[in-house]
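A.B. asks: Sharing a structure below in structure tokens format, with a few things to ask.
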Amino acid sequence: MILVTGGAGFIGANFVLEWLARTGEPLINLDKLTYAGNLASLAAVQGDPRHVFVRGDIGDRTLAERLLARYKPRAVVNFAAESHVDRSIHGPADFIETNVVGTFNLLEAVRAHWNGMEGEAKENFRFLHVSTDEVYGSLEKNDPAFSETTPYAPNSPYSASKAASDHLVRAYHHTYGLPTLTTNCSNNYGPYQFPEKLIPLVIHNAISGKPLPIYGDGSNIRDWLYVTDHCHAIMAVLEKGRVGETYNVGGNNEKTNLEVVKTICAILDELHPDSPVTPHEKLITFVKDRPGHDARYAIDSRKIQHELDWRPQESFESGIRKTVIWYLENAAWVDDVISGEYRHWVQTNYAART
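Be aware that the sequence shown starts at 174, since it is given in the numbering used here, and climbs by one per residue.
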């Protein structure tokens with residue numbers, strides 16, 4: 174059995190579903206169920222005895238200690254995090270509390286649990302921390318991609334809080350010997366992503382006839398990773414990764430934001446021609462850029478490819494088509510998460526930019 178934190182969020186929920194489908198090994202899923210945590214994403218495993226859901230905060234050390242003592246997991250996979258740059262600009266305190274203080278409390282609980290283990294169980298235990306490429310800062314157009322040795326240079330409260338959590342994980346390995354692993358991934362996309370992020374936001378707005386807001390001139394570049402490929406990478410690191418190491422996980426799909434939006438529009442022109450406004454590109458609206466907007470992210474994932482024989486299976490073209498189809502077929506899921514709080518957030522973040 175493993176313990177997964179943040180398993181009702183976007184990447185976490187996809188991991189839970191993929192883990193149970195591929196391995197069948199039971200797991201405990203600890204999630205605080207903030208606005209981005211959604212049990213509807215886990216409907217396929219509702220009632221499955223292999224999936225034990227616990228609502229709670231990784232910052233609650235007593236709860237973490239109790240779960241570790243009761244279930245004795247062989248590994249902890251930590252997805253739990255506040256993860257949206259724009260939200261971190263408007264309200265950084267939550268990001269410090271969850272990503273820094275929460276990770277610290279979880280590490281303390283895990284360290285105490287690991288110290289009490291013996292023999293083969295202790296030797297095989299792992300703590301896998303899931304992080305982001307944003308901790309490395311920003312690249313110019315011709316700079317080499319981020320590697321595992323790229324110096325940290327976070328530029329937002331979100332990326333700074335994730336950098337701090339990465340440093341804590343590293344320190345707990347080097348100081349206490351805790352058998353840790355860290356992954357730093359590029360931009361994920363796919364099913365169950367909360368519609369504040371670019372791709373689901375554009376899909377939802379486009380089929381609703383609403384503006385498609387693009388920061389600045391849309392030239393910011395990201396490396397796009399299909400979420401299922403990311404889940405498989407995490408499984409590979411958990412199974413075969415070298416203790417204390419970091420593995421960068423990328424999709425090998427660098428695209429400008431404008432390219433991404435135009436690709437989605439073209440797919441929707443084909444698959445959803447009865448939208449209120451077509452062609453969907455008519456809805457593209459350039460808005461004021463966000464503060465400190467990183468120009469480019471790119472991941473060098475040769476280490477995980479060579480050491481663990483992992484490679485992304487989806488091209489951007491295949492993954493984005495699957496994603497658009499999923500959102501078109503799961504409108505009820507989207508409607509369920511677009512609450513009053515979400516509408517208030519969209520107003521807060523975009524109204525002053527137009």
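Every residue gets a Cβ at the ideal spot worked out from N, C-alpha and C, and that includes glycine.
Keep in mind that this is a model prediction, so the values were computed, not measured.
Along the beta strand (DSSP E) that carries PHE489, what are the first and last residues, could you check?
C.D. replies: Taken as a continuous stretch (DSSP letters only), PHE489 belongs to no beta strand (DSSP E), being part of the alpha helix (DSSP H) at 489 to 502.
A.B. asks: Just tell me which of LYS383, ILE376, VAL375 and ILE394 has its CA closest to the CA of SER311.
C.D. replies: The residue with the shortest Cα to Cα distance from SER311 is ILE394.
A.B. asks: Which of the three DSSP states, helix, strand or coil, is assigned to LEU206?
C.D. replies: Looking at LEU206 - three-state DSSP - the assignment turns out to be coil, as it is neither helix nor strand.
A.B. asks: What does the alpha-carbon distance come out to for the pair TRP518 and PRO368?
C.D. replies: With a pLDDT of 45 at TRP518, under the threshold of 50, the predicted position of this residue should be treated as unreliable, and no value is reported.
A.B. asks: Three-state secondary structure (DSSP) at THR401?
C.D. replies: DSSP places THR401 in helix when its eight states are reduced to three.
A.B. asks: Indicate the three-state DSSP secondary structure (helix, strand or coil) for TYR515 in the structure shown.
C.D. replies: Confidence at TYR515 is low in this model, with a pLDDT of 48, below 50, so its placement is unreliable and the value that follows should be read with caution. Residue state, collapsed to three classes: helix.
A.B. asks: At the level of alpha carbons, what is the spacing between ASN202 and LEU176?
C.D. replies: In a straight line, the C-alpha of ASN202 is about 6 Å away from that of LEU176.
A.B. asks: Going by the beta-carbon positions, is the gap between GLY275 and ASP230 smaller than 8 Å?
C.D. replies: Yes, the Cβ-Cβ distance between GLY275 and ASP230 is below 8 Å.
A.B. asks: Applying the criterion that 16 or more other CB atoms from any shown protein chain within 10 Å of the CB defines a buried residue, is ASP204 buried or exposed?
C.D. replies: Counting Cβ neighbours within 10 Å, ASP204 comes out buried, since at least 16 surround it.
A.B. asks: Does GLU313 pass the burial test, meaning 16 or more other C-beta atoms within 10 Å, or should it be called exposed?
C.D. replies: Under this definition GLU313 is an exposed residue.
A.B. asks: Thinking C-alpha only, which one of ARG484, ASP447 and PHE268 is nearest VAL400?
C.D. replies: Of the candidates ARG484, ASP447 and PHE268, the one whose C-alpha sits nearest the C-alpha of VAL400 is ARG484.
A.B. asks: How far does the alpha helix (DSSP H) with ILE457 in it extend, from its first residue to its last?
C.D. replies: Note, ILE457: premise wrong, no alpha helix (DSSP H); beta strand (DSSP E) at 457 to 460.
A.B. asks: For ARG463 and VAL342, I'd like the C-alpha separation in whole angstroms.
C.D. replies: Each residue's Cα considered, the two are about 30 Å apart.
A.B. asks: I'd like to know if the stretch 299 to 310 and the stretch 339 to 359 are in contact, where contact means that at least 3 CB-CB pairs between them fall below 8 Å.
C.D. replies: A contact exists between the stretch 299 to 310 and the stretch 339 to 359.
A.B. asks: PRO386: buried (16+ other C-beta within 10 angstroms of its C-beta) or exposed?
C.D. replies: Buried: at least 16 other Cβ atoms inside 10 Å.
A.B. asks: Check each candidate in ALA326, PHE188 and SER338 and name the one with the smallest Cα separation from GLU255.
C.D. replies: Comparing Cα positions, the closest option is SER338.
A.B. asks: What do you get for LEU351, buried or exposed, if any count of 16 or more other CB atoms within 10 angstroms of its CB means buried?
C.D. replies: Buried, because 16 or more other Cβ atoms sit within 10 Å of the Cβ of LEU351.
A.B. asks: VAL434: which of SER448, ASN421, PHE459 and GLY417 sits nearest, CA to CA?
C.D. replies: Taking only the C-alpha atoms, the option nearest VAL434 is PHE459.
A.B. asks: I'd like to know whether the C-beta atoms of HIS466 and GLY389 end up nearer to each other than 8 Å.
C.D. replies: Cβ distance < 8 Å, so HIS466 and GLY389 count as in contact.
A.B. asks: So the alpha helix (DSSP H) LEU241 belongs to, where does it begin and stop?
C.D. replies: Its alpha helix (DSSP H) spans residues 234 to 244.
A.B. asks: Considering Cα atoms alone, identify which of ARG243, HIS224, ILE380 and THR196 is closest to ASP508.
C.D. replies: Looking at the Cα atoms, ILE380 is the closest of the given residues.
A.B. asks: Should ASP149 be labelled buried (16 or more other beta-carbon atoms within 10 Å of its own) or exposed?
C.D. replies: Only positions 174 to 527 of the chain appear in this structure, which leaves residue 149 out of reach.
A.B. asks: Under 6 Å Cβ to Cβ from CYS404, same chain only, skipping five residues before and after it: list those, please.
C.D. replies: The answer, listed in chain order, is ASN187, PHE188 and GLU191.
A.B. asks: What is the residue span of the alpha helix (DSSP H) that TYR331 lies within?
C.D. replies: Counting along the chain, the alpha helix (DSSP H) containing TYR331 begins and ends at 330 to 349.
A.B. asks: Using CA coordinates, which residue listed in ALA471, ALA333 and LYS455 is at the minimum distance from THR429?
C.D. replies: Answer by Cα proximity: ALA471.
A.B. asks: Taking all protein chains shown into account, decide if ASN288 is buried (16 or more other Cβ within 10 angstroms of its Cβ) or exposed.
C.D. replies: When all chains shown are included, ASN288 counts as exposed.
A.B. asks: Quick one: measure Cβ to Cβ for TYR345 and LEU280, integer angstroms, because I've assumed they're closer than 8 Å.
C.D. replies: About 5 Å; that satisfies the 8 Å criterion.
A.B. asks: What span of residues does the beta strand (DSSP E) with LEU385 cover, start to end?
C.D. replies: LEU385 -> beta strand (DSSP E) spans 385 to 388.
A.B. asks: When DSSP labels each residue in this structure, what does THR429 get in the three-state scheme?
C.D. replies: Here THR429 sits in strand by DSSP.
A.B. asks: Assuming ASN278 contacts ARG247 (C-beta within less than 8 Å), just tell me the rounded distance between them.
C.D. replies: Between ARG247 and ASN278 the Cβ distance is about 21 Å, and since that is not below 8 Å, they are no contact.
A.B. asks: Extract the residue ranges of the alpha helix (DSSP H) inside the stretch 255 to 326, only unbroken runs of 4 or more that lie entirely within it.
C.D. replies: Whole alpha helix (DSSP H) segments, 4+ residues: 258 to 263, 276 to 288 and 292 to 297.
A.B. asks: Using only the alpha-carbon positions, how far apart do LEU431 and LYS295 sit?
C.D. replies: Each residue's alpha carbon lies about 49 Å from the other.
A.B. asks: Return the chain-ordered list of same chain residues with a C-beta closer than 8 Å to the C-beta of PHE252, the five sequence neighbours on each side being excluded.
C.D. replies: Answer for PHE252: VAL177, THR178, GLY179, GLY180, GLY182, ILE184, GLY185, PHE188 and VAL303, listed in chain order.
A.B. asks: Quick one: Cα of LEU481 to Cα of GLU321, how far?
C.D. replies: Each residue's Cα considered, the two are about 15 Å apart.
A.B. asks: Can you give me the C-alpha to C-alpha distance between THR271 and TYR331, rounded to a whole angstrom?
C.D. replies: Their Cα atoms are separated by approximately 11 Å.
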